[in-house]
Amino acid sequence: MEKEAKKEAFRKYLESSGVLDALTKVLVALYEQNDKPSSAIEFIQQKLGGPTLAEYEKLQAEVSDLQIRYNELLAVHQDKCREHEELKNTHMHASSKETAKEEGPSEGL
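Heads up: the sequence shown begins at 1 in the UniProt record's numbering, then just goes up one per residue.
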């Protein structure tokens with residue numbers, strides 16, 4: 001009896017959450033298709049709002065391409081930051097030499 005009660009509770013859960021209605025609509029749409037799709041699973045996924053396998057693979061490839069591009073740009077950015085620091089240090093070193101020249105040699109006490 002406990003098993004039947006669990007089944008009934010689960011059925012009520014599916015009904016109250018809209019799962020039964022959504023699945024019924026998708027299955028009816030599949031049934032009413034004159035030209036049945038080659039992949040019923042893909043049809044159901046698409047109708048329930050998920051991406052198709054082809055869309056998913058395309059998105060995965062795009063993510064991979066974007067990660068590569070990000071890594072390239074990050075490396076360029078890091079190189080430019082190093083160059084900037086080197087130029088800044090060179091400029092500061094040159095400025096301190098200029099200041100020392102302008103002040104002239106220090107006279108002995």
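Just so you know, even glycine gets a beta-carbon here, dropped at the ideal spot from N, CA and C. Quick caveat: nothing in here was measured; it's all calculated off a predicted structure.
Does the distance from the C-beta atom of residue i to that of residue j stay below 8 Å?
i   : j   : result
V26 : I44 : yes
Q60 : T52 : no
Could you give the distance in angstroms between the alpha-carbon of residue i and the alpha-carbon of residue j?
i   : j    : result
E32 : K3   : 35 Å
I68 : A75  : 11 Å
L66 : A54  : 18 Å
E8  : L73  : 57 Å
L30 : K36  : 7 Å
T99 : E85  : 21 Å
D79 : E102 : 35 Å
Among the options, which residue has its Cα nearest to the Cα of residue i?
i   : options               : result
G49 : L73, D35, L23 and K58 : L23
Which ranges would you report for the alpha helix (DSSP H) in the segment 23–80 if only whole runs of at least 4 residues count?
Under the rule that a run must span 4 or more residues, the alpha helix (DSSP H) segments found entirely inside the segment 23–80 read 40–47.
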